[in-house]
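Undergrad: This is the structure I have questions about; it appears just below.
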Amino acid sequence: MPTEDELPETFHVTTQEQLRAVSNLTRHRIMAVLRFQPATITQIAERVGLAKGSSSYHVRLLERAGLVRVVRTRKVRGVTERYYAMSARAIVLPDPGEGGPDVLMRHAVADLEASPTAGRHVRMAHLRLTEEQFEQLGERLQALADEYRELSDPSLPDASLVFALFHPGPRERTEEDGK
């Protein structure tokens, strides 16, 4: 069985089965549990707030899609206990295409809405940048996220960083705009 140190850096979601697996909010939350350390079905169920049967079902779908895998086993009272971990350090989703739903951002918003309001840092800024400045900012944000991911300590509470740097498309006018 591969160890956590042998994980590939990225896993590219390429099939419909993989996309369906990551598109589910419960499975997204299970992958968040497995992001920093392996866990059993029981541990996953406790952290996500699921019944063990539901947790097992979702983990099997993720495993079948290749997104998680068993990294070690142990015998407990005659039963083999499996520890699951992510198949790679990062999951890369396909571009949703123009006008398509961005699964990652939808999950991030759902997680934000479910989080306690104390301690949140949320900010939206409208910028006017040259294309060069736009690219530089994107690279700086990615480097900052990578830097702090390297500093992550599995013994500390989870924190999520989500950013989106984009050129907004034309906005459709609504009835409210005309008033």
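Be aware that the sequence shown starts at 30, since it is given in our numbering, and climbs by one per residue.
Just so it is clear, CB atoms sit at the ideal spot from N, CA and C, and this is done for glycine as well.
Quick caveat, the model's predicted, so the values are computed rather than measured.
1) Mind reading off the beta-carbon distance from Ile-120 to Leu-90? Whole number of angstroms is fine, and I expect it under 8 Å.
2) What runs of the beta strand (DSSP E), each 3 residues or longer, lie entirely inside the region 70-152?
3) Note the first and the last residue of the continuous beta strand (DSSP E) segment covering Thr-39.
4) Given a cut-off of 8 Å, decide if Val-62 and Arg-73 are closer than it, judged by their beta-carbon atoms.
5) Do Pro-67 and Val-100 come within 8 Å of each other at the CB atom, strictly closer than that value?
6) Under 8 Å: do the region 129-140 and the region 154-161 share three or more Cβ pairs, one atom per stretch?
7) Please classify Gln-45 as buried or exposed, where buried requires at least 16 neighbouring CB atoms within 10 angstroms.
8) Does Tyr-113 pass the burial test, meaning 16 or more other C-beta atoms within 10 Å, or should it be called exposed?
9) Would you kindly work out how many angstroms separate the C-alpha atoms of Phe-195 and Leu-122, rounded to a whole number?
10) Excluding the five sequence neighbours on either side, which residues of its own chain have a C-beta within less than 8 Å of the C-beta of Val-88, listed in chain order?
11) Pull up the DSSP beta-bridge partners for Ala-193, would you.
12) With DSSP collapsed to three states, give me the class of Ala-154.
13) Around the C-beta of His-57, are 16 or more other C-beta atoms found within 10 angstroms, so that it is buried, or is it exposed?
TA: Inspection of the coordinates gives the following:
1) Counting from 1 along the sequence shown, the entry for residue 120 is found at position 91. Counting from 1 along the sequence shown, the entry for residue 90 is found at position 61. Not really, about 14 Å apart at Cβ, beyond 8 Å.
2) Contiguous beta strand (DSSP E) elements confined to the region 70-152 occur at 97-105, 108-115, 119-121, taking only those with 3 or more residues.
3) Looking up residue 39 in the sequence shown gives position 10. If you look at Thr-39, you'll find it in the beta strand (DSSP E) that goes 39-41.
4) For this step, residue 73 is matched to residue 44 along the sequence shown. For this step, residue 62 is matched to residue 33 along the sequence shown. One point to set straight first is that residue 73 is Ile, not Arg, in the sequence displayed. At the C-beta level, Ile-73 and Val-62 come within 8 Å of one another.
5) Stepping through the sequence shown from its first residue, residue 100 is reached at position 71. Stepping through the sequence shown from its first residue, residue 67 is reached at position 38. A contact, by the Cβ cut-off of 8 Å.
6) Counting C-beta pairs closer than 8 Å gives fewer than three between the region 129-140 and the region 154-161, which falls short of the contact rule.
7) Here residue 45 is taken as the residue at index 16 of the sequence shown, counted from 1. Per the 10 Å Cβ criterion, exposed.
8) One-based indexing of the sequence shown puts residue 113 at position 84. Label assigned to Tyr-113: buried.
9) Your numbering for residue 195 matches position 166 in the sequence shown. Your numbering for residue 122 matches position 93 in the sequence shown. Note on geometry: alpha-carbon atoms of Phe-195 and Leu-122 lie some 17 Å from one another.
10) Working through the sequence shown from its first residue, we reach residue 88 at position 59. Taken in chain order, the residues that qualify are Ile-59, Ile-70, Ile-73, Val-97, Tyr-113.
11) Position 164 of the sequence shown, counted from the first residue, corresponds to residue 193. Paired residue(s): none; Ala-193 is not in a bridge.
12) Translated into positions along the sequence shown, residue 154 becomes position 125. If DSSP states are grouped into helix, strand and coil, Ala-154 belongs with coil.
13) Indexing the sequence shown from 1 puts residue 57 at position 28. Classified as buried, His-57 has 16 or more neighbouring CB atoms from the shown chains inside 10 Å of its CB.
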